[in-house]
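**Student:**
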Amino acid sequence: MKLKSYSVVLSVVAAAFFVISCSSTPPVEEEPQVEPVVVIEDIVIIEEPQETVLVEEFDYDGLGRLIAEAKDKQQEIIKYQITADGNENLALADEALNQAEVIYNMGEDGSAYSEKLAAQENVVSARDSYNEILNSYWFGKANDARERAGTARQEALKLKADVAVAQDYKNSADVFNSGEEAFTAKDYQLSVNYYIQAESLFASVAITAAEKKRLAGVALQSAEKKIEESEKIATDAEAELNGDEL
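Counting the sequence shown from 1 gives a position; this note's numbering is that position plus 1023.
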C-alpha cells in the first residue's frame, strides 16, 4: 500500500517539475512575418489629342448663284458680239464655267466636297474673266464717246452757246459731267450713255447758238442798212433845206 502511494507522489513531483521546467524555459521567438512590399510605380498615361475633322457645309445654293451671275456676263458678251482678241481668256472662261455647271448639275449630294470647291473656284475665275473682257470693251467705247462729246462741247463754246443759250448749254454740260463721274468710277457702260446724250445736246445748242448768231447778223445788217438809209434821208433833207442840189 505504501509503495503505491509512493508511486503516486513521484508522479506528482515529476509532473510538477515538468511544469516548472516548461515555465522557466524562455519561449521561442517566432520570426516576424514579412509582408510583401508592393511597389506601385506612377504610370503617366499621355493621351494624344484626337484630330477632329470638321466637315464644312458647302454652300450649294451659293454655287448656283455664282453660275447664274457668270452666265449673265457670258450672255452680255454674246449680245454685244465681244471677242477677246489676242488671247484665250474668253475660251478659258467658257470652259471653266462649263466644268462648274457639270458639278452643279450633279446635285448637292452628287459630288465630293473637294469637287464642289473646285467648281466654285472655276466659276469665280470665269466670272472675273468675263468682267475683265466686258470692262475692256466698254472702256474703249467710253473713250470714243467721251472724245466725240468733248469735240461737240468745244464747237458749242466756239459759237458762244454758253452765252447765247446759257441754260441749254448748262443742261448739256451737266449730262457730260455725269458721264465723267461714271467714267472715273469705272462704270464705263453707263458713261457711254451719258457721253452719247451729251454729244447730241451739245450739237443741238451749237445749232441754236449758230442760228441766233446768224439772225443777229441779219438783224445787224438790217439795222446798219436802215441807219445808212436814215443818214441819207437826213443828208438829203438838210441839203434840201439849204437849197443844195440833190
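For glycine and all other residues, C-beta sits at the position ideal for the given N, C-alpha and C. Only a predicted model underlies this, so the values are computations on that prediction, with no experimental measurement involved.
Within 10 Å of its beta-carbon, does K1139 have 16 or more other beta-carbons around it, so buried, or fewer, so exposed?
**Tutor:** Flag for K1139 reads buried.
**Student:** Can you tell me which of the three DSSP states T1106 falls into?
**Tutor:** Of the three classes helix, strand and coil, the one that applies to T1106 here is coil, per DSSP.
**Student:** Taking 7 Å as the limit between beta carbons, can you name the residues of its chain near K1096, skipping five residues before and five after?
**Tutor:** Here the set comprises R1150, Y1153, N1154, L1157.
**Student:** Tell me whether Y1136 is buried or exposed, calling it buried when 16 or more other Cβ atoms sit within 10 Å of its Cβ.
**Tutor:** When all chains shown are included, Y1136 counts as exposed.
**Student:** From the DSSP output, in three-state form, read off F1225 for me.
**Tutor:** DSSP places F1225 in helix when its eight states are reduced to three.
**Student:** Could you give the C-beta distance for L1089 and V1125, rounded to a whole number, given that I count them as a contact under 8 Å?
**Tutor:** Actually they are not in contact, since the Cβ atoms of L1089 and V1125 sit about 14 Å apart, beyond 8 Å.
**Student:** Just mark Q1143 as buried or exposed, buried being the case when its beta carbon has 16 or more other beta carbons within 10 Å.
**Tutor:** Burial call: buried.
**Student:** Give the list of continuous alpha helix (DSSP H) stretches no shorter than 4 residues that lie fully inside the region 1183-1225.
**Tutor:** If we require 4 residues or more, the alpha helix (DSSP H) runs fully inside the region 1183-1225 come out as 1184-1187, 1189-1207.
**Student:** May I have the straight-line CA-CA distance separating D1197 from Y1211, to the nearest angstrom?
**Tutor:** If I take the Cα positions, the gap works out to 17 Å.
**Student:** Mind checking which residues open and close the alpha helix (DSSP H) that includes D1151?
**Tutor:** From DSSP, the alpha helix (DSSP H) with D1151 extends over 1136-1181.
**Student:** Going by C-alpha distance, which of A1189, A1221, A1116 is nearest R1171?
**Tutor:** That would be A1221, whose Cα lies nearest to the Cα of R1171.
**Student:** Could you check where the alpha helix (DSSP H) with D1132 kicks off and where it finishes?
**Tutor:** First-last for D1132: undefined, no H or E at that position.
**Student:** How about A1114 and A1179: do their beta carbons lie closer than 8 Å?
**Tutor:** In this structure, A1179 does not lie closer than 8 Å to A1114 by Cβ.
**Student:** If you draw a straight line from the C-alpha of V1186 to the C-alpha of Y1192, how long is it?
**Tutor:** Taking the straight line joining both Cα atoms gives about 8 Å.
**Student:** For E1131, which residues of its own chain have a beta-carbon under 7 Å away from its beta-carbon, when the five flanking residues on both sides are left out?
**Tutor:** Answer for E1131: Y1083, listed in chain order.
**Student:** To the nearest angstrom, how far is it from the Cα of E1099 to the Cα of A1208?
**Tutor:** Going from the Cα of E1099 to the Cα of A1208 covers about 20 Å.
**Student:** Pull up the distance between the alpha-carbon of R1176 and that of F1225, whole angstroms please.
**Tutor:** In a straight line, the C-alpha of R1176 is about 5 Å away from that of F1225.
**Student:** Please look up how many angstroms separate the CB atoms of S1227 and Y1217, rounded, as I've assumed it's under 8 Å.
**Tutor:** In fact, because the Cβ distance is near 16 Å, the residues do not count as touching under 8 Å.
**Student:** Name the residue from R1237, D1117, K1181 whose alpha carbon lies nearest to the alpha carbon of I1101.
**Tutor:** Checked all of R1237, D1117, K1181; the closest Cα to I1101 is D1117.
**Student:** Should S1223 go down as buried or exposed, given a rule of 16 or more other Cβ atoms within 10 Å for buried?
**Tutor:** S1223 should be labelled exposed.
**Student:** Check each candidate in K1183, K1164, A1141 and name the one with the smallest Cα separation from I1105.
**Tutor:** The shortest C-alpha separation from I1105 is found at K1164.
**Student:** Nearest-angstrom Cα distance between N1121 and R1169?
**Tutor:** Cα to Cα, N1121 sits roughly 37 Å from R1169.
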